[in-house]
Structure formats: structure tokens, C-alpha cells
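Under full-length UniProt numbering, think of the first position of the sequence shown as 1, with each following residue one higher.
Please read the structure below before turning to the comments.
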Amino acid sequence: MSKFRVRDLPDGIVMGNFRSFFSKMLHQMAQVLPRAAAVCVSTCAELNSAVLDDLKSKLPNLLCLGPLSLIMPPPKTPDINNCLVWLDKQQEAHNNSEVVYVSFGSIARPSPSEIAALAQGLEASGVKFIWSLRDNLKLARHCTITVNVPAFYCPKYLTWERRLQEHLPHGFLEDSRKNGILVSWAPQTDILAHDAVGVFITHFGHNSIMESVASGVPLIGRPFHGEQKLNGRLVEAVWEIGLEVEGGILTKDGVVKSLEKILHGDEGKKMRENGSGLRSLVEKAISSKGSCNEDFKKLLKVVNKSS
């Protein structure tokens, strides 16, 4: 617990806007959870022992069921963008684990300037990459439609690729085809499990971190909201399997430095070793005699008792 800092707490917890959505949600959870027959979390006791021990003192029926991506893998969906085929080719050609996977989940929205900076950083680093850029990002300029400007001229109605071109460096989409692929969706768990992938640039969302831990892939994070800065602190200072981008904002130089550290530096080597250790802990926890399996049995008893 000593590794966490007050400044990493979300706004509205000890300071800031106590009427924010997040603050109100936590207040409601604090009222409801102690009355719950069971509280299930997507982690392993071995990963967060100090935090979970503290929670269990307040929530005796807290159950750790393990990373959901391992115990309940998402249904297989067609790899419409051929990400895995592309990764296979990288592995055959280079025989290393240096492909960068980039995704900020379904809610986090980097600003256009940060999107451009990230693109410049990837380009300057010369790395191979898969960048999953969802179509809900704030990639369109602010637009005011007047009677003299038809709605279809507004940038928000442009195609995904056209909107990307507005905020990516000139020629990036064309040049990037040499080193990477940009897609609006990617099979994340399968990508992280691929031997060619060496680092995950993400928003430090809990599920993304758990999926990365399950595959032993180091992380570079740009936290946006909620508990993501706390998650990042866990990754960087407690587990030591990744780092937050310099200054907490995506910049070209920050991206280049972070990639260099993880892919080619001693710091990155240590992160990969730590990640491998955490992956082993998780695999043991979800085994037939592991702690997560025991907690799942407890959950079944709770369900059967209430039915």
C-alpha cells in the first residue's frame, strides 16, 4: 500500500468534484457492497495481497475469480483485419518479440494532438505495430452546420480512414503499411498472447492490464480517468512490469523513450522477467487446486444457498 500516492486517486475521492459521476458511483458502491452475499473481482489474491487483505477486512465475502480473459475467454470472432496472420509473418521474418500493440479500450479517448504524437513516436522508433483505433475517438473537428453547409460536409460524417488522415502526420497511413497496421478493431487477447508482441501501449484499464499480465507482456500506459492512475502505479511501482508515459501525456519523445526502455533496455528485460513471474502466479491461481478455483467453489455455495 505504501507504493500508492494520494495524487493517483481519482478526482472526487479526497479532493476535487465530489459530485462527479465517479465519486457518486463509489459512494453508492460503498453503501451496497457490504450487504452483498458475495463480491467477485477479476484478479487473483496473489497479485494484490495487501490491497485485497484490506478489502476483505471490510468485505468478508470478497472472492477473487482470476482474470476473466483466462477463466471465461471471450467468444472467438473472425479476425477480419488479419492481425494474427500479420503477426505470424512478423514472427517468421524477425523471430523476436518486439511488435507494439496499441489500444485504449472502448471508452478512453486520446486527443487529436496525442494521437498525432503517438503516431510520430511509433514512426520515429521504427517499430512494428498493430494499432487498434476505435471509431468512437474524438477524431473530428468541432463542426457547426449552417444552412449553407450540408451535413455530409461535416468531418464527423467522414469515413474512419478519412478522419484519421486529418489528425495523423502527413503520409503516416501510407508509410505505416511498411511497419504496421491500423484497424478499428482487433482480437486483443489473442494478440497479447502472440509470441511476436513485446509491449502493450494502453490506458491502464483493469481488464487490459489483467489480459497483459496473463500473457506476460510489459505495458506503457497513458491513464485517462477513474482508477487508471492507481492501476498504473500498481503496474509501475508494485509489479514493475511497465511504466507510465513521461508526464502522463502522449508525446513523440515520450513514446520513443518508453519504447526504447522496454524493448531494448535493461529495465525492459527486468519487466519481462517480472511479467513472466506474475503470469506463473496467475496460472497457478486458476488451476484446479488454485486460490481462484477455491473462491469459485465458495461462489457456487453462495448461489446454491440463495436459490
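Don't be surprised by glycine CBs; every beta carbon is placed ideally from N, CA and C.
Of the residues SER125, PHE104, ARG162, the one whose Cα lies closest to the Cα of ARG134 is PHE104. In chain order, LEU281, ALA285 place their CB closer than 6 Å to the CB of GLU46, counting only its own chain and leaving out the 5 sequence neighbours on each side. For PHE18, the number of other beta carbons within 10 angstroms of its own is below 16, and it is reported as exposed. Within the same chain, LEU63, CYS64, LEU65 come within 7 Å of ASP295 by CB-CB distance, once the 5 residues on both sides are set aside. Taking the CA atoms as reference points, GLU92 sits about 26 Å from ILE241. Straight through space, the alpha carbons of GLU244 and GLU236 are spaced by roughly 7 Å.
Under DSSP, the beta-bridge partners assigned to TRP131 are VAL102, LEU182. Distance from the CA atom of PHE21 to the CA atom of LYS252, rounded to whole angstroms, is 32 Å.
Boundaries of the alpha helix (DSSP H) harbouring LEU84: 83 to 94, taken from the DSSP string. Between the alpha carbons of LEU52 and ALA193 lies a gap of roughly 27 Å. Under the three-state reduction of DSSP output, ILE209 falls in the helix class. With a cutoff of 8 Å on beta-carbon distance, PRO223 and HIS203 are scored as near each other.
In the DSSP assignment, the residues bridged to VAL41 are CYS64. Here the C-alpha atom of GLY226 lies approximately 27 Å from the C-alpha atom of LEU164. Secondary structure at THR202: strand, using DSSP grouped into helix, strand and coil. Scanning its chain for C-beta atoms nearer than 6 Å, with the 5 sequence neighbours on each side dropped, one finds around ALA108 the residues HIS203, PHE224, in chain order. Looking at the DSSP output, VAL197 bridges to VAL99. When only Cα atoms are considered, ASN95 and PRO67 end up about 29 Å apart. When the five nearest sequence neighbours on each side are left out, the beta carbons in the same chain lying within less than 7 Å of the beta carbon of GLY232 are those of PHE204, GLY221, PRO223, GLU244, in order along the chain.
A direct Cα-to-Cα measurement between LEU299 and GLU283 gives close to 20 Å. Only residues of its own chain outside the window of five on either side were considered, and among them LYS284 have a CB closer than 7 Å to the CB of GLY290, listed in chain order. Taken in chain order, the whole beta strand (DSSP E) runs of length 3 or more contained in the segment 233 to 264 are 242 to 244. A contact is defined here as three or more CB-CB pairs under 8 Å, and the segment 69 to 86 fails this definition with respect to the segment 171 to 178. ILE115 and VAL302 have their C-alpha atoms spaced approximately 46 Å apart.
Around the beta carbon of MET15, a 10 Å sphere encloses fewer than 16 other beta carbons of the protein chains shown; the residue is thus reported as exposed.
Cβ neighbours of THR43 within its own chain (closer than 6 Å, five residues either side excluded): CYS64. Our two residues, ILE13 and VAL238, have alpha carbons roughly 22 Å apart in a direct line.
Close CB contacts of SER276 within its chain, under the 8 Å cut and outside five residues either way in sequence, are with GLY216 (chain order). The beta carbons of LEU87 and ALA196 sit about 5 Å from each other, so the pair counts as a contact at 8 Å. For LEU122, there is no enclosing beta strand (DSSP E); the residue is part of the alpha helix (DSSP H) that begins and ends at 112 to 125. LYS229 is the residue among LYS89, SER288, LYS229 whose C-alpha sits nearest the C-alpha of ASP8.
DSSP places GLY275 in the helix class (H, G or I) of the three-state scheme.
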